[in-house]
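Residue numbering for the sequence shown is 679 to 860, as defined by the numbering used here. Glycine residues also receive a C-beta, built at the ideal position from the N, C-alpha and C atoms. One structure is given here, and the rest of the page talks about it.
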Amino acid sequence: MKILAIVGTNADLSYNRFLAKFIAKRYGDKADIEVKEIDKLTPFCRTEMADDTIKPWIEDVKNADAIIITTPEYAHTITAALKSSLEWLGSHAGPNVMKMKPVAVVGASYGTQGTARAQEDMREILLSPDMSANVLPGNEVLIGQAPSKFDKETGELTDEATIKQLDGMMDNFFKFIEQANK
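Laid out in structure tokens, this is it:
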């Protein structure tokens with residue numbers, strides 16, 4: 679099973695990159711999980727066609743069995759870079775790139791509410807007619823106060839309660855993927 683763990687930011691230092699790498703490492707025995715960066719993608723423009731940065735992005739998403747999106751929250755929503763990367767999947771990629779693809783949304787932020795609003799926006803985008811993704815319901819992992827839950831030197835998630843919650847979400851996601859692919 680091939681899963682892309684998309685880092686939902688183009689920031690150099692990101693707890694969501696740490697989270698994506700942690701997921702790939704911790705659950706790598708259950709699936710081939712590739713961390714996918716969006717920082718080099720050409721910004722979306724409806725009048726432009728996919729270029730050499732976008733074509734491999736579309737193919738990677740198309741060929742994945744499932745997607746995990748790690749999103750930060752800025753001003754109560756997802757990053758512009760993440761929104762732009764998703765626009766390429768819905769508008770120029772063809773009708774089936776995200777359609778019914780299993781997707782899980784997780785996130786880490788500095789605030790106490792974690793990424794609650796960004797995840798809600800992310801789910802709305804993924805469920806839009808242009809995407810029609812198969813989004814894992816419930817199972818929200820909202821990592822607030824991220825600096826206190828990750829080792830900044832190693833990027834490891836160190837908060838046991840958060841790891842337990844993530845374990846539960848991932849167990850459910852693997853079952854969800856199996857059901858979706860029957």
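| request: Kindly indicate which residue of Thr720, Ala698, Arg724 and Phe722 has the alpha-carbon position closest to the one of Glu712. | output: As a working note, residue 712 is residue 34 in the sequence shown. Taking only the C-alpha atoms, the option nearest Glu712 is Ala698.
| said: DSSP three-state label for Asp707, please. | reply: Here residue 707 is taken as the residue at index 29 of the sequence shown, counted from 1. Asp707: coil per DSSP, three-state reduction.
| query | Below 8 angstroms between beta carbons: does that hold for Ile644 and Thr755? | reply | One cannot answer for residue 644 here, as it falls past the ends of the chain, which runs 679 to 860.
| request: Taking only the alpha-carbon atoms, compute the straight-line gap between Ala794 and Phe700 and give it to the nearest angstrom. | output: Here residue 794 refers to the residue found at position 116 when the sequence shown is read from its first residue. Here residue 700 refers to the residue found at position 22 when the sequence shown is read from its first residue. Between Ala794 and Phe700, the C-alpha separation is close to 20 angstroms.
| message | Using a Cβ distance threshold of 8 angstroms, determine whether the stretch 842-851 contacts the stretch 817-830, with at least three qualifying pairs required. | response | yes
| Taking the alpha-carbon positions, what's the Ser692 to Asn741 distance? | Here residue 692 refers to the residue found at position 14 when the sequence shown is read from its first residue. Here residue 741 refers to the residue found at position 63 when the sequence shown is read from its first residue. One C-alpha to the other measures close to 26 angstroms.
| field | Outcome for Pro734 when other beta-carbon atoms lying within 10 angstroms are tallied against a minimum of 16 | value | As a position in the sequence shown, residue 734 is number 56, starting the count at 1. Classification for Pro734: exposed.
| Under 8 angstroms, do Gly785 and Met776 count as touching if we go by C-beta distance? | The residue labelled residue 785 in the question sits at position 107 within the sequence shown. The residue labelled residue 776 in the question sits at position 98 within the sequence shown. It is not a contact, given that the beta carbons lie outside the stated cut-off.
| query | Which partner residues does Gly785 have in the DSSP bridge list? | reply | Counting from one through the sequence shown, the residue named residue 785 turns up at place 107. Beta-bridge pairing links Gly785 to Leu820.
| request: Would you give the residue range spanned by the alpha helix (DSSP H) that Val739 belongs to? | output: Working through the sequence shown from its first residue, we reach residue 739 at position 61. Run containing Val739: Ile732 to Asn741, per the alpha helix (DSSP H) assignment.
| said: So for Lys680, helix, strand or coil by DSSP? | reply: Position 2 of the sequence shown holds residue 680. In the structure shown, Lys680 sits in a strand (DSSP, three-state: E or B).
| Simplified DSSP assignment, three categories, for Pro815 | What you label residue 815 is simply residue 137 of the sequence shown in a count that begins at 1. It is coil, neither helix nor strand.
| message | Can you list, in chain order, the residues of its chain with a C-beta nearer than 7 angstroms to that of Lys708? Leave out the 5 residues immediately preceding and following it. | response | Here residue 708 corresponds to residue number 30 of the sequence shown, with the count starting at 1. Result list for Lys708: Phe852, in chain order.
| Are the beta-carbon atoms belonging to Tyr788 and Ala839 less than 8 angstroms from one another? | Residue mapping note: residue 788 aligns to position 110 of the sequence shown, counting from 1. Residue mapping note: residue 839 aligns to position 161 of the sequence shown, counting from 1. Cβ atoms of Tyr788 and Ala839: not closer than 8 angstroms.
| request: Along the beta strand (DSSP E) that carries Ile747, what are the first and last residues, could you check? | output: The residue you call residue 747 lines up with position 69 of the sequence shown. That run of the beta strand (DSSP E) goes Ala744 to Thr748.
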